[in-house]
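Encoded as structure tokens, the structure appears first; notes follow it.
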């Protein structure tokens, strides 16, 4: 088991005060909506909630518990009196406004990629490396959604087995590209079924009943896209294995909100599916869905709306005759554990007890 | 290059006579329809065409070139006067009727899995192992669609480089489960978009905006499903590499008719993406779609309707620091190269010249 002690207790000056005033930056986005849901669903003990977004969204109202809250325009002065700021409005906004939030006395949990590889910023999946939260200097980064969904099952395995190599192929939902991409998937599919033309606006390729290599910018030198490079770097950092070899192909599939990953894991000694299954059965944040008799394994439709990462199809990799490799298939809600829920779980660890 | 000589010339008694009478068994199915299309599109020189199906479909008419043909009920007497029988009605039908066709003097090209691992039956992808056709004793097997789409690019690579291991994750379209599964994907997606309930009938899990582990029967001992085991066995047989280690995860995605595969290939010595790209650029049946600058790579929407297997995302696998592994992404039309077109290409090789 990993050390999951509440580090906020050890370093109280870095904790967030009990019953904090919380701000959500990017409240009207796909993740923003789920941040409100997760705060409510987990009875997060807050004394005030401020919803911030671009001027375009200001004035909209959103429901939180039994209140109607009005969205305000984000400015550098938005953080007065805020104790905890949850950012989810893209890395440009985070780079521009996170410092103002910290200066105003807030601790920032940032869902963008802006600070994830900054050595001063902890990159945290609470089930994996909650202890890293203690090192924060005002900002804690919420990892890439695929990195979160992969590391939740990888961490308990590498704790008990010596992990040598990861090969991954992803099946990524529209939600990872935001609410507009989810709407484009719906609208383009509807047009396709009616036999009507549809011009993609959000994504670079037709999405209805189609899939394509992830639309993040490509490193033309090495042939990996930005999403793949993020997953590699962040997975290494979260697992504290800076040299772990990871090969990955990130593919956008026509699914609305949960990601899946086909994983092949190589260890330094032979390992059985039973050992892996036993470890994952006890792992925090993992739910085994591995019923061979009923052909029932992780699916986006069942991962959607739940906080656990589903893991199954656990078997010996027939591609490695040495018996040192295991294949498995996982699925997790990109908007919840892959984004909003993980951020709220980080925030919970920050609270003064 | 592989030996692709027309073996029918070498062994004329095993060839099909010029301008044969052709029968299609399972003419009204998803692959049957494409068999008609492929015969027409390739100007296959036939002197007669007989459409056979179950009694349920008998009496239907189907268009071939400028003719309306009436579908007849398949019986053991259906093959009188038939020179070439293309079977695509499931392995039960092939097991029951292929012998009658051979007895009547026809050569059978069978799209089912009935005879694929029978040592007396050649398993053929014409670009890869056309020479094997010469060994037929009346039946030639058309491989599993994933095995075809994978071996078209794998074969030229293993000819020039020593292939040691394959790791694959598939993105398989509805078409692989037949016309009814394609209709279920359409109908369930339409229902989802309208907010209506839909009860799956053809596939075991909800398909609208969802994906799931391939629905083939599971080997409960080793945890691989029948589709994965077919791909492993058939790929080894087609490549004539009986011990090639292959690890594979087969996933059904909500795409209508083209399959994609994320492949990681390990060779016995370091290899560069440029070497692999150069080999695939000249490989028969492969079309490079590998434009990093425009983020344009193989997609089902572009693979659909064309005979080539699209290959791209060719890059060094960052999971193997030795530099001996290459990752790539391929897509091919499951109904064409993965089924009907490959069968017609086999038939062309059989024709007496």
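Residue numbers (the UniProt record's numbering), protein chains in the order written: chain A, 1 to 353; chain B, 1 to 353.
The beta carbon of each residue, even a glycine, is placed where N, CA and C say it ideally should be.
Note that the coordinates shown come from a computational prediction; the quantities given were computed from them, not determined experimentally.
Less than 8 Å between the beta carbons of residue i and residue j, yes or no?
| i | j | result |
| --- | --- | --- |
| residue 34 (chain A) | residue 244 (chain A) | no |
| residue 71 (chain B) | residue 55 (chain B) | no |
| residue 148 (chain A) | residue 110 (chain A) | no |
| residue 21 (chain B) | residue 152 (chain B) | no |
| residue 299 (chain B) | residue 295 (chain A) | no |
| residue 211 (chain A) | residue 255 (chain B) | yes |
| residue 246 (chain B) | residue 232 (chain B) | yes |
| residue 351 (chain A) | residue 133 (chain A) | no |
| residue 184 (chain A) | residue 200 (chain A) | yes |
| residue 85 (chain B) | residue 168 (chain B) | no |
| residue 177 (chain A) | residue 215 (chain A) | yes |
| residue 334 (chain B) | residue 175 (chain B) | yes |
| residue 25 (chain B) | residue 97 (chain B) | yes |
| residue 257 (chain B) | residue 173 (chain B) | yes |
| residue 253 (chain A) | residue 253 (chain B) | yes |
| residue 19 (chain B) | residue 38 (chain B) | no |
Please list the partners that residue i has in chain A, where partner means a Cβ-to-Cβ separation under 9 Å.
| i | result |
| --- | --- |
| residue 299 (chain B) | 205, 206, 210, 211, 212 and 213 |
Where does residue i sit, in a helix, a strand or coil, going by DSSP?
| i | result |
| --- | --- |
| residue 158 (chain A) | helix |
| residue 22 (chain A) | strand |
| residue 91 (chain A) | helix |
| residue 213 (chain B) | strand |
| residue 171 (chain A) | strand |
| residue 106 (chain B) | coil |
| residue 332 (chain A) | strand |
| residue 164 (chain B) | strand |
| residue 312 (chain B) | strand |
| residue 8 (chain A) | With a pLDDT of 39 at residue 8 (chain A), under the threshold of 50, the predicted position of this residue should be treated as unreliable, though the coordinate-derived value follows. Of the three classes helix, strand and coil, the one that applies to residue 8 (chain A) here is helix, per DSSP. |
| residue 223 (chain A) | coil |
| residue 301 (chain B) | helix |
| residue 230 (chain A) | helix |
| residue 276 (chain B) | helix |
| residue 57 (chain A) | coil |
| residue 235 (chain B) | helix |
| residue 241 (chain A) | coil |
| residue 46 (chain B) | coil |
| residue 188 (chain B) | helix |
| residue 318 (chain A) | coil |
Strictly below 9 Å CB to CB, what residues from chain B border residue i?
| i | result |
| --- | --- |
| residue 255 (chain A) | 209, 210, 211, 253 and 254 |
Measuring alpha carbon to alpha carbon, tell me which of the options ends up nearest residue i.
| i | options | result |
| --- | --- | --- |
| residue 220 (chain A) | B:286, B:273, B:197 and B:283 | B:273 |
| residue 91 (chain B) | B:80, B:81, B:77 and B:114 | B:114 |
| residue 50 (chain B) | B:41, B:42 and B:36 | B:36 |
| residue 123 (chain A) | A:130, A:141 and A:106 | A:141 |
| residue 312 (chain B) | B:68, B:329, B:216 and B:109 | B:329 |
| residue 291 (chain B) | A:132, A:225, A:346 and A:271 | A:225 |
| residue 186 (chain A) | B:189, B:333 and B:184 | B:189 |
| residue 87 (chain B) | B:107, B:80, B:103 and B:68 | B:107 |
| residue 52 (chain A) | A:38, A:29, A:258 and A:171 | A:29 |
| residue 103 (chain A) | A:23, A:80, A:195 and A:204 | A:80 |
| residue 161 (chain B) | B:278, B:321 and B:215 | B:278 |
| residue 266 (chain B) | B:324, B:306, B:144 and B:223 | B:324 |
| residue 112 (chain B) | B:239, B:66, B:264 and B:234 | B:234 |
| residue 331 (chain A) | A:178, A:150 and A:202 | A:150 |
| residue 157 (chain B) | B:268, B:93 and B:251 | B:268 |
| residue 341 (chain B) | B:238, B:41, B:14 and B:19 | B:41 |
| residue 204 (chain A) | B:297, B:197 and B:155 | B:297 |
Check the Cβ of residue i against every Cβ in chain A and list those closer than 7 Å, keeping chain order.
| i | result |
| --- | --- |
| residue 218 (chain B) | 292 and 295 |
| residue 317 (chain B) | 247 |
So which residues on chain A does residue i lean against when the C-beta distance must stay under 8 Å?
| i | result |
| --- | --- |
| residue 320 (chain B) | 165, 245 and 247 |
List the residues of chain B that residue i touches, going by C-beta distances under 8 Å, in chain order.
| i | result |
| --- | --- |
| residue 313 (chain A) | 213, 223 and 249 |
Run through chain B and tell me which residues come within less than 7 Å of residue i, C-beta to C-beta.
| i | result |
| --- | --- |
| residue 169 (chain A) | 169 and 262 |
Residues of the region 180 to 199 of chain B whose Cβ lies closer than 7 Å to any Cβ of chain A, in chain order: 186, 189, 190 and 193
Which residues, taken in chain order from the region 272 to 289 of chain B, show a beta carbon closer than 9 Å to some beta carbon of chain A? 273
When you check each C-beta in the region 217 to 242 of chain B against every C-beta of chain A, which residues fall closer than 7 Å? 218, 220, 222, 223, 224 and 232
Positions along the region 322 to 353 of chain A whose CB lies within less than 8 Å of some CB in chain B: 325, 327 and 329
Taking only beta carbons into account, state which residues of the region 148 to 162 of chain A come closer than 9 Å to chain B, listed in chain order. none
Between the region 258 to 270 of chain A and chain B, which residues of the former have a C-beta closer than 7 Å to a C-beta of the latter? 260, 262 and 264
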